[in-house]
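For the sequence shown, this note's numbering gives the first residue as 18, with consecutive numbering after it. Positions of the beta carbon are idealized from the N, C-alpha and C atoms, including for glycine.
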Amino acid sequence: MSDPNDAHGVVRPRTAVLTRGFDPTLSVGSARPAVFRSSTYVFPSPEEAEHAFAITTGKIQMEDGGRADLIYSRFSHPNAEILEDQIVPLDAGGSYAAVFNSGMAAIMTACFAYARPDSTMVYTTPLYGGTTGLIHRFLKPLGVTGIPVASGQTGAIEEAIRAAKNCCIVFLETPANPTMIMTDIERAAAAAARHPDRPVVMVDNTFLGPTFQHPLLLGAHLTLYSATKYLSGYSDMLGGVAITESSAMIQKIRGVRSMFGNIMQPDECWMLDGRLSTVALRMNRQSKNAQRIAEALHGHKLLSRVIYPTLFTDPEQKRIFEKQCDFPGGMFSIEFQGGKEAAFEFLRHVRIARNAVSLGGVESLTCHPKSTTHSGMSPQELEESGVTDGLVRISVGVEDWRDLLADFEQALAAVAAR
Ligand SMILES: *Cc1c(COP(=O)(O)O)cnc(C)c1O
18 MSDPNDAHGV VRPRTAVLTR GFDPTLSVGS ARPAVFRSST YVFPSPEEAE
68 HAFAITTGKI QMEDGGRADL IYSRFSHPNA EILEDQIVPL DAGGSYAAVF
118 NSGMAAIMTA CFAYARPDST MVYTTPLYGG TTGLIHRFLK PLGVTGIPVA
168 SGQTGAIEEA IRAAKNCCIV FLETPANPTM IMTDIERAAA AAARHPDRPV
218 VMVDNTFLGP TFQHPLLLGA HLTLYSATKY LSGYSDMLGG VAITESSAMI
268 QKIRGVRSMF GNIMQPDECW MLDGRLSTVA LRMNRQSKNA QRIAEALHGH
318 KLLSRVIYPT LFTDPEQKRI FEKQCDFPGG MFSIEFQGGK EAAFEFLRHV
368 RIARNAVSLG GVESLTCHPK STTHSGMSPQ ELEESGVTDG LVRISVGVED
418 WRDLLADFEQ ALAAVAAR
């Protein structure tokens with residue numbers, strides 16, 4: 018079988034995503050992978066069954082990056098293997114992936130793989146609500162004390178990591194949702210590398226990755242994704258991905274996944290697999306659209322703020338954005354001077370973008386974080402993370418940006434005319 022990765026040396030990521038990991042001869046010659054929905058796999062001999070189990074249970078060491086024979090689909094299955102091989106080149110610096118049936122499944126599995134009793138976990142705030150819940154409601158009772166530190170505060174994050182006792186995980190989410198506050202991954206990872214406990218540095222890269230932000234090149238050990246968002250891109254499936262450079266780390270995480278039983282199912286793997294080659298195309302278009310719209314709305318008389326990386330004024334935030342991100346991305350937030358009433362009036366009048374949570378799809382979505390996605394936060398947390406009454410979050414899709422802008426402008430005019 019001719020493998021373009023061998024024939025032409027190492028190809029670039031956008032090529033590799035179409036050429037790696039899938040051998041048509043294993044799918045009766047079909048150009049796209051077949052979907053293998055079997056729950057169990059037949060062994061050619063009892064000896065091979067014994068060998069496969071010896072590898073899976075860790076009695077025999079597998080070579081780096083090697084794959085155990087297929088046994089049972091909760092451990093792995095062909096569509097997961099194809100997807101895991103194909104997705105890796107999208108995340109610069111990554112060598113191995115594990116796929117899950119949601120973003121939270123990926124985050125939970127990674128945290129449980131590295132959490133240990135009587136330890137601490139440093140994390141940036143605000144975090145995705147599900148991740149915050151995981152830390153408070155599951156990890157804390159198991160003896161993992163969360164140490165929150167405000168996103169973007171480079172010095173304070175370094176100090177929190179330095180001072181953390183028995184630290185097992187440093188968990189960063191950047192940019193923060195919905196305020197786009199950025200955290201310096203490289204500085205946090207360097208602080209973790211100086212810590213005697215060598216905590217695992219995990220980055221939830223859902224907002225700007227894998228196209229515009231590359232944590233593994235900045236010293237992070239693991240990137241985590243809600244594939245429900247940009248990776249799948251059509252708001253029609255749930256998925257999660259963990260990517261790392263370390264074969265030991267991926268084996269550990271896949272082992273925990275086998276216990277939890279949260280591997281991505283074959284049909285979902287097949288769907289996501291087909292979307293990979295357009296992730297960069299979609300994200301580039303979404304970022305260009307968002308930039309044009311955010312910059313056009315900047316300074317509007319009804320808005321106290323338009324929050325978007327190219328409009329940052331804080332020097333530290335500008336520095337992190339310029340150093341860490343290739344493009345500003347497809348998300349922005351606007352803040353109404355007229356508070357919740359004005360924000361709701363705006364949402365009632367927007368016609369093209371739909372009022373829904375989630376993000377990253379080809380269709381634009383808007384939401385009011387304080388009353389929805391962030392409603393679980395305490396008044397103090399809301400205040401600290403800048404989630405105000407007037408804030409509206411917008412996930413920009415691939416529509417024509419001029420139509421979106423005109424629509425937002427007519428909705429703003431409707432708010433002004435109240
Ligand atoms: C949506 C999201 C998650 C959770 O992903 P699911 O696929 O919904 O489980 C985690 N982190 C971020 C930043 C998200 O936006």
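Rounded to whole angstroms, what is the Cα-Cα separation between residue i and residue j?
i             : j                 : result
alanine 24    : threonine 36      : Caution applies to alanine 24, whose pLDDT of 45 falls short of 50 and renders its modelled position unreliable; the model cannot decide the point.
threonine 389 : glycine 172       : 32 Å
proline 165   : glutamate 362     : 34 Å
leucine 189   : glutamate 64      : 45 Å
isoleucine 99 : phenylalanine 39  : 6 Å
glycine 75    : glycine 83        : 13 Å
alanine 123   : valine 139        : 18 Å
threonine 349 : valine 45         : It should be noted that the sequence gives phenylalanine, not threonine, for residue 349. Going from the Cα of phenylalanine 349 to the Cα of valine 45 covers about 46 Å.
glutamine 308 : phenylalanine 229 : 14 Å
proline 7     : isoleucine 88     : One cannot answer for residue 7 here, as it falls past the ends of the chain, which runs 18 to 435.
serine 19     : threonine 240     : For serine 19, the predicted structure reports a pLDDT of 46, less than 50, and the residue's modelled location is therefore unreliable. The matter cannot be settled from this model.
serine 174    : aspartate 86      : Checking the sequence, you will find isoleucine at residue 174 rather than serine. The alpha-carbon atoms of isoleucine 174 and aspartate 86 are separated by roughly 43 Å.
aspartate 331 : glycine 160       : 37 Å
valine 379    : alanine 311       : 17 Å
Under three-state DSSP, which class holds residue i?
i                : result
alanine 24       : Annotation note: pLDDT 45 at alanine 24 (below 50); position unreliable, coordinate value reported separately. The answer is helix: DSSP assigns alanine 24 an H, G or I state.
glutamine 268    : helix
valine 1         : Only positions 18 to 435 of the chain appear in the structure, and residue 1 is not among them; the question remains open.
glutamate 352    : strand
aspartate 424    : helix
aspartate 102    : helix
alanine 181      : coil
phenylalanine 60 : coil
serine 136       : strand
Count the other C-beta atoms from every protein chain shown that fall within 10 angstroms of the C-beta of residue i, then say buried if there are 16 or more, exposed otherwise.
i             : result
isoleucine 77 : exposed
threonine 383 : buried
proline 95    : buried
tyrosine 251  : exposed
serine 249    : buried
histidine 153 : exposed
glutamate 400 : exposed
leucine 298   : exposed
leucine 320   : buried
lysine 246    : buried
arginine 410  : buried
glutamine 354 : exposed
serine 402    : buried
Once the 5 residues before and after residue i are set aside, which same chain residues still bring their CB inside 8 Å of it?
i             : result
aspartate 424 : Val367, Arg368, Ile369, Ala370
serine 119    : Ser243, Thr245, Leu255, Gly256, Gly257, Asn279
serine 294    : Arg31, Val34, Leu35
proline 283   : Val52, Phe53, Arg54, Ser90, His94, Pro95, Asn96, Ala97
For residue i, I'd like the list of residues in its chain whose CB is within less than 7 Å of its CB, leaving aside the five on either flank, ordered along the chain.
i             : result
threonine 126 : Phe117, Ile270, Val273, Arg274, Phe277, Asn279
glycine 110   : His231, Leu233, Leu234, Glu262
alanine 66    : Phe60
threonine 73  : Ala85, Ile88, Phe92
Kindly list the residues whose CB is nearer than 6 Å to the CB of residue i, restricted to its own chain and excluding five residues on each side of it in sequence; keep chain order.
i            : result
valine 404   : Pro386, Lys387, His391
threonine 57 : Tyr89
leucine 144  : Glu190
serine 168   : Thr141, Ala193, Ile198, Thr200
proline 216  : Cys184, Cys185, Ile186, Val187, Ala209
At which residue ranges does the stretch 235-281 contain complete alpha helix (DSSP H) runs of 4 or more residues, listed in the order of the chain?
-> 264-277
Taking any heavy atom of ligand 3 as the mark, which residues have a C-beta closer than 7 Å to it, listed down the chain?
-> As far as ligands go, the structure on display features ligand 1 and does not contain ligand 3.
Which parts of the stretch 366-413 are runs of the beta strand (DSSP E), unbroken and 3 residues or longer, counting only runs that do not cross its ends?
-> 382-384, 408-412
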